[in-house]
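Heads up, the sequence shown is in numbering that gives the first Met the number 0, so the first residue is 0 and it goes up one at a time.
Working notes, beginning with the structure itself.
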Amino acid sequence: MTSLPKSPAELPNGSLHKQFVRSGKPNCRCTRGEPHTAHYFLARMNGRQVKRYVRKADLQAFARIVQEATSLRKHRREELKKSKESLKTIRRILRETKINK
Ligand SMILES: [Zn+2]
0 MTSLPKSPAE LPNGSLHKQF VRSGKPNCRC TRGEPHTAHY FLARMNGRQV
50 KRYVRKADLQ AFARIVQEAT SLRKHRREEL KKSKESLKTI RRILRETKIN
100 K
């Protein structure tokens, strides 16, 4: 992953995380106890954990893509669950039909 994914379809997993960081500059607010926030995208790719820095300028658009991908995955999981339940019902009906014949 060389750049951030640009569409929900490119995001099979992963989520955004906020971290507090210190720049270490002597006169910066972070050295006075007010750390900066940085956003990272954490995902699993080919069995490995990857971490990508998300620039402030990209954050809003990227957060939307991550949110879309997450709800897409949730939707797919629910559809799969419904399909499995339907299959179970069909099998039960078939079984009962055999028994009663
Ligand atoms: Zn700083």
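Every residue gets a Cβ at the ideal spot worked out from N, C-alpha and C, and that includes glycine.
Keep in mind the model is a prediction, meaning the values are calculated, not measured.
When DSSP reads this structure, Arg47 sits in a beta bridge with Met44. Short of 6 angstroms from the beta carbon of Pro4, and not among the five residues preceding or following it, lie these beta carbons of its own chain, in chain order: Leu10. For Gly23, the closest of Glu78, Gly32, Lys83 and Ala42 by C-alpha to C-alpha distance is Gly32.
Within the segment 31-99, the beta strand (DSSP E) runs of at least 3 residues that lie entirely inside it are, in chain order, 35-44 and 47-53. Under the 10 Å beta carbon count, Phe19 is surrounded by fewer than 16 other beta carbons and is classified as exposed. For Leu10, there is no enclosing beta strand (DSSP E), as DSSP gives it neither H nor E. In the assembly as shown, Ile64 is a buried residue. Its beta-carbon has 16 or more other beta-carbons within 10 Å.
In this structure Thr36 is in contact with Lys17, their Cβ atoms being roughly 6 angstroms apart against a cut-off of 8 angstroms. For Lys17, the beta-bridge partners assigned by DSSP are His38.
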